[in-house]
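Everything below concerns the one structure shown next.
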Amino acid sequence: MPPPDTRTPIRFEALDGWRGLCACFVVLFHFHGYSPLYSSSLIRNSYLFVDFFFVLSGFVIAYNYASRLDSWQGVKAFFILRLGRLYPLHLAVLLAFVAYETLRLTMGQPAFTGETRPSAVITNLLLLQGLGIHDSLTWNGPSWSISTELWTYVLFALVCLWFGMRDWMLVAAAFVLPLLLFLLSKSGMDTTFDWGYLRCVLGFALGVACWRVYSLAPATRRPLGTAAMTMLELAIVLAVAAFVSAAGTSPLSFMAPFVFAAAVLIFSAEGGLVSRLFRGRVMSWLGMLSYSIYLTHLLVVTLAPPIIKRLMGKELWTAMPLPNGQWVMAFGRNDLEGTLFYGVALAATLALSALTYRWVEVPGRELSRKWLRRPRLNAAAAKPQQQS
Numbered sequence: 000m001p002p003p004d005t006r007t008p009i010r011f012e013a014l015d016g017w018r019g020l021c022a023c024f025v026v027l028f029h030f031h032g033y034s035p036l037y038s039s040s041l042i043r044n045s046y047l048f049v050d051f052f053f054v055l056s057g058f059v060i061a062y063n064y065a066s067r068l069d070s071w072q073g074v075k076a077f078f079i080l081r082l083g084r085l086y087p088l089h090l091a092v093l094l095a096f097v098a099y100e101t102l103r104l105t106m107g108q109p110a111f112t113g114e115t116r117p118s119a120v121i122t123n124l125l126l127l128q129g130l131g132i133h134d135s136l137t138w139n140g141p142s143w144s145i146s147t148e149l150w151t152y153v154l155f156a157l158v159c160l161w162f163g164m165r166d167w168m169l170v171a172a173a174f175v176l177p178l179l180l181f182l183l184s185k186s187g188m189d190t191t192f193d194w195g196y197l198r199c200v201l202g203f204a205l206g207v208a209c210w211r212v213y214s215l216a217p218a219t220r221r222p223l224g225t226a227a228m229t230m231l232e233l234a235i236v237l238a239v240a241a242f243v244s245a246a247g248t249s250p251l252s253f254m255a256p257f258v259f260a261a262a263v264l265i266f267s268a269e270g271g272l273v274s275r276l277f278r279g280r281v282m283s284w285l286g287m288l289s290y291s292i293y294l295t296h297l298l299v300v301t302l303a304p305p306i307i308k309r310l311m312g313k314e315l316w317t318a319m320p321l322p323n324g325q326w327v328m329a330f331g332r333n334d335l336e337g338t339l340f341y342g343v344a345l346a347a348t349l350a351l352s353a354l355t356y357r358w359v360e361v362p363g364r365e366l367s368r369k370w371l372r373r374p375r376l377n378a379a380a381a382k383p384q385q386q387s
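Going by numbering that gives the first Met the number 0, the letters in the sequence shown line up with residues 0 to 387, in that order.
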């Protein structure tokens with residue numbers, strides 16, 4: 000039997016652009032700069048863009064694999080490819096954080112405590128840190144979503160293998176999971192290390208539902224002309240921005256996966272001028288780097304302030320009041336400095352992401368493909384049409 004197909008995949012380019020843009024908003028969300036940007040409701044609520052990742056992942060994974068997970072060989076091939084996609088960068092960033100904590104320890108600074116406690120290294124190595132084991136985020140905080148996504152892949156593969164993907168399952172998930180999150184989460188959709196798995200499964204299931212609609216109605220993927228599709232795309236972009244700005248951690252935030260599902264469906268058609276913009280060179284580049292942007296940015300956010308402080312020889316933290324009456328320590332001494340540091344943090348993240356994509360992500364994926372080509376795995380499912 001011939002080896003699995005390893006040709007260059009076809010991509011939903013506009014959705015890739017979306018993913019890159021969402022990753023950049025998550026970077027801004029995690030950087031505390033003394034700037035009007037920090038108080039922007041859109042940026043302060045940008046944690047919700049993680050739900051876009053979950054929905055898009057469900058759509059893309061179902062598009063690629065739903066028909067291939069009908070045997071254990073197909074499941075093995077699927078899992079090898081997904082591990083090759085997720086794990087190398089996760090491991091590299093985790094080791095970088097461990098190295099940083101070790102450096103702090105040698106300098107007599109507090110290290111390996113709280114979120115960076117040694118016991119959490121094991122759960123992070125096993126990608127279990129997002130399954131309610133800990134009482135806080137640990138090490139590379141954003142990796143909680145990588146943990147939940149990996150185990151959502153396992154659930155998806157087993158459902159496809161044992162039952163086949165049924166529409167009633169997706170409907171049940173769309174009704175039951177938001178209710179469970181509403182009952183269990185104390186901070187709206189901003190649940191991570193505790194109930195993040197339910198959050199991920201909900202978004203993923205809605206993404207699979209988007210794929211069902213997309214695959215069952217091929218004739219209606221571009222039912223409107225370019226002008227009408229452009230207006231529809233503009234409307235959903237504005238709706239997403241307005242929703243994220245307004246939702247916060249209120250009960251409204253539980254609707255985030257549904258709003259993003261609408262965006263995925265509309266932009267999967269790539270029928271308007273906004274899609275053309277999202278398929279442009281810059282947005283495509285951001286989409287290509289999106290996983291690295293998401294997984295490396297906290298390292299930059301953690302290291303940038305002490306490095307800049309050492310270079311400038313000054314204390315650059317300022318207590319900044321928030322609209323809710325609370326205070327936060329923000330980087331920078333005035334609006335100009337704080338806003339500039341946002342740009343520095345984002346630029347540094349993009350530069351680091353370009354390196355990790357080239358030297359970690361790509362080799363990791365190639366290694367998984369080589370493993371899949373081994374003779375005893377030649378019967379596994381062919382490589383999918385598109386990567387996630």
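C-beta atoms are modelled at their ideal positions from N, C-alpha and C, and glycine is treated no differently.
- Residue 112 carries a coil assignment under DSSP once its states are collapsed to helix, strand and coil.
- Closest by C-alpha distance to residue 241, out of 128, 45, 319, 112, is 45.
- Separation of the CB atoms of residue 22 and residue 289 is rounded to 4 Å, and the pair is thereby assigned contact status at 8 Å.
- If you ignore the 5 residues before and after residue 349, its C-beta comes within less than 6 Å of no other C-beta in its own chain.
- Sequence-distant partners of residue 82 (beyond 5 residues in either direction) whose C-beta falls short of 7 Å from its own C-beta, in its chain, are 367.
- Contact check for residue 156 against residue 68 passes: the beta carbons are separated by less than 8 Å.
- For the stretch 71-157, the full-length alpha helix (DSSP H) segments reaching 4 residues or more read 71-105, 118-124 along the chain.
- Within the stretch 147-214, the alpha helix (DSSP H) runs of at least 4 residues that lie entirely inside it are, in chain order, 166-183.
- In the DSSP assignment, the residues bridged to residue 330 are 32, 316.
- Looking at the backbone, the Cα of residue 72 and that of residue 182 are separated by about 39 Å.
- Pairwise C-beta distances place the stretch 351-363 in contact with the stretch 292-312, as three or more of them are shorter than 8 Å.
- In the structure shown, residue 223 adopts coil according to DSSP, grouped into three states.
- Exclusion of the five residues before and after residue 79 leaves 367, 370, 371 as the residues of its chain whose Cβ lies within less than 7 Å of its Cβ.
- Around residue 204, the same chain offers 57, 168, 169, 172, 173, 176 as residues with beta carbons nearer than 8 Å, after the five sequence neighbours per side are excluded.
- Between the alpha carbons of residue 226 and residue 115 lies a gap of roughly 52 Å.
- Contact between residue 129 and residue 146 holds: their C-beta atoms lie close to 3 Å from each other, under 8 Å.
- Shown here, residue 44 sits in coil according to DSSP, grouped into three states, outside any helix or strand.
- Each residue's CA atom was taken as its position, placing residue 123 and residue 137 some 8 Å apart.
- Inter-residue distance for residue 99 and residue 306 is about 13 Å (C-alpha atoms, whole angstroms).
- Pairing residue 303 with residue 344 gives a Cβ-Cβ distance under 8 Å.
- Per the coordinates, the alpha-carbon of residue 300 lies some 43 Å from the alpha-carbon of residue 70.
- Taking a 10 Å sphere around the C-beta of residue 15, we find 16 or more other C-beta atoms and assign the residue as buried.
- Of the residues assessed, residue 277 falls on the buried side of the cut-off, its CB having 16 or more other CB atoms within 10 angstroms.
- Taking a cut-off of 8 Å for Cβ pairs, the stretch 194-212 and the stretch 253-270 touch, as three or more such pairs fall below it.
- Of the residues 238, 188, 334, 342, the one whose Cα lies closest to the Cα of residue 33 is 334.
- Assignment of residue 248 by DSSP, reduced to helix, strand and coil, places it in the coil class.
- For residue 373, the three-state secondary structure derived from DSSP is coil.
- It is roughly 30 Å from the alpha-carbon of residue 164 to the alpha-carbon of residue 88.
- Our two residues, residue 60 and residue 103, have alpha carbons roughly 40 Å apart in a direct line.
- DSSP, read as helix, strand or coil, puts residue 10 in coil.
- Per DSSP, the unbroken alpha helix (DSSP H) holding residue 286 starts and ends at 280-311.
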